[in-house]
Amino acid sequence: MSRTPHASALYDVPGPQARRRHLLYGVISTVVILGLAAWILYLLFDTEQFTAVKWRPFLYEGIQELLLEGLGNTLKAFALAAVLSLALGALLATGRLSDHRPVRWTATLLVEFFRAMPVLVMIFFIFVALKVQPLPALVAGLALYNGSVLAEVFRTGVRAVPRGQGEAAYALGMRKTQVMTWVLVPQAVRAMLPAIISQLVVALKDTSLGYLITYEEFLHAGKLIASNLDYDLPFIPVVLVISPIYIGMCMLLSWFATWVARRERRDPRTKGVDVAPAAPVTTLPGRE
Numbered sequence: 323m324s325r326t327p328h329a330s331a332l333y334d335v336p337g338p339q340a341r342r343r344h345l346l347y348g349v350i351s352t353v354v355i356l357g358l359a360a361w362i363l364y365l366l367f368d369t370e371q372f373t374a375v376k377w378r379p380f381l382y383e384g385i386q387e388l389l390l391e392g393l394g395n396t397l398k399a400f401a402l403a404a405v406l407s408l409a410l411g412a413l414l415a416t417g418r419l420s421d422h423r424p425v426r427w428t429a430t431l432l433v434e435f436f437r438a439m440p441v442l443v444m445i446f447f448i449f450v451a452l453k454v455q456p457l458p459a460l461v462a463g464l465a466l467y468n469g470s471v472l473a474e475v476f477r478t479g480v481r482a483v484p485r486g487q488g489e490a491a492y493a494l495g496m497r498k499t500q501v502m503t504w505v506l507v508p509q510a511v512r513a514m515l516p517a518i519i520s521q522l523v524v525a526l527k528d529t530s531l532g533y534l535i536t537y538e539e540f541l542h543a544g545k546l547i548a549s550n551l552d553y554d555l556p557f558i559p560v561v562l563v564i565s566p567i568y569i570g571m572c573m574l575l576s577w578f579a580t581w582v583a584r585r586e587r588r589d590p591r592t593k594g595v596d597v598a599p600a601a602p603v604t605t606l607p608g609r610e
């Protein structure tokens, strides 16, 4: 006996022809991607990018130390920028959610200004005009931009919580700070977490802008290595070494977000409470 597929509230379950069409699209997409990857590999082999002479420099201890030092500087800048961005985003979001108009308007003006300003312009302005050292200039530029974006993420996440949740908390006599801390924010975290991690990934990648202000981060180390190699196209082996490390760090951030989400779902405060069965009720006098 065949099973009839159930229709969804949002879309109909695809039938046999649609499934075959989707399978065909998937096969064509896979073939195109594999063909593109094969073409890139052919170009790399054709230009002799995998010859031993081009990879031997990475075995030198001095180059390895330079790369590790650049990676450490990148992680340092990212850690500082991430913490400051989250703090600034929470502060600006609180201002935007304030009941006081001057506070709300000021926070809105700051968010819109720093979100519209290119991050590279802010970094250069802080470094050149304010004459700040490379690391503080890079961290400040990243924090101002990503903090303003995260402020909108936080505000939107809090606004996405059903209105009745806050109203019920206020009806119990809770103050606004208590409502935000114990009711709205814990529920909004689930919706905000993917966007927060996505923005932190942007901050991690933007640390590479530090080489433009002579900050010795990971990309700056790669550029220094490539400029001292004496063969054709020296940047390609360097990119092939640096890119997987950047991708790996971004994947670690995504894994961390998944781990936090699972841990948050196991939090006792987010679990349902077992209700005890009803006890026998005493019959009123005069009734059976």
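Its first residue numbered 323, the sequence shown is counted upward by one per residue in the working numbering. Note that beta-carbon positions come from the ideal geometry of N, C-alpha and C, so glycine has one too.
Where do the ends of the alpha helix (DSSP H) carrying residue i lie?
i, result
"G486", "R485 to A493"
"Y364", "P338 to D368"
"Y467", "P456 to A482"
"N395", "E383 to R418"
"R378", "First-last for R378: undefined, no H or E at that position."
"H542", "F540 to S549"
"I519", "V507 to D528"
"V425", "R423 to A438"
"Q500", "K498 to V501"
"V443", "V441 to F446"
To the nearest angstrom, how far is it from the Cα of residue i to the Cα of residue j?
i, j, result
"P338", "V353", "23 Å"
"M390", "S420", "Rather than Met, the amino acid found at residue 390 in this sequence is Leu. Straight-line Cα distance between these residues: approximately 45 Å."
"F372", "R481", "53 Å"
"E538", "L526", "15 Å"
"N466", "V443", "Reading off the sequence shown, one finds Leu at residue 466, where the question assumed Asn. About 12 Å."
"K545", "V349", "39 Å"
"L346", "R512", "36 Å"
"Q386", "T580", "32 Å"
"V582", "G463", "27 Å"
"V597", "Y492", "In this prediction, V597 scores a pLDDT of 45, lower than 50, which makes its location untrustworthy; the coordinate-derived value is nonetheless stated afterwards. V597 and Y492: Cα-Cα distance of roughly 24 Å."
"A490", "Q500", "12 Å"
Let's test the definition: count the other Cβ atoms within 10 Å of the Cβ of residue i and tell me whether it reaches 16, buried, or not, exposed.
i, result
"G495", "exposed"
"A329", "Only weak support exists for where A329 lies, its pLDDT of 47 falling under 50; the value from the coordinates is given anyway. Exposed."
"A359", "exposed"
"N550", "exposed"
"R477", "buried"
Compare the beta carbon distance of residue i and residue j with 9 Å and say whether it is the shorter of the two.
i, j, result
"A473", "L522", "no"
"N468", "G411", "yes"
"I558", "T369", "yes"
"S565", "I519", "no"
"S407", "E434", "no"
"G392", "F540", "yes"
"G488", "V505", "yes"
"I547", "P424", "no"
"H542", "Y533", "yes"
"P452", "A403", "Position check: residue 452 holds Leu in this sequence, whereas Pro was assumed. Contact: no."
"V475", "A409", "no"
Using a Cβ-Cβ cut-off of 9 Å, state whether residue i counts as contacting chain B.
i, result
"V443", "In the structure shown, chain B cannot be found, because there is only a single protein chain."
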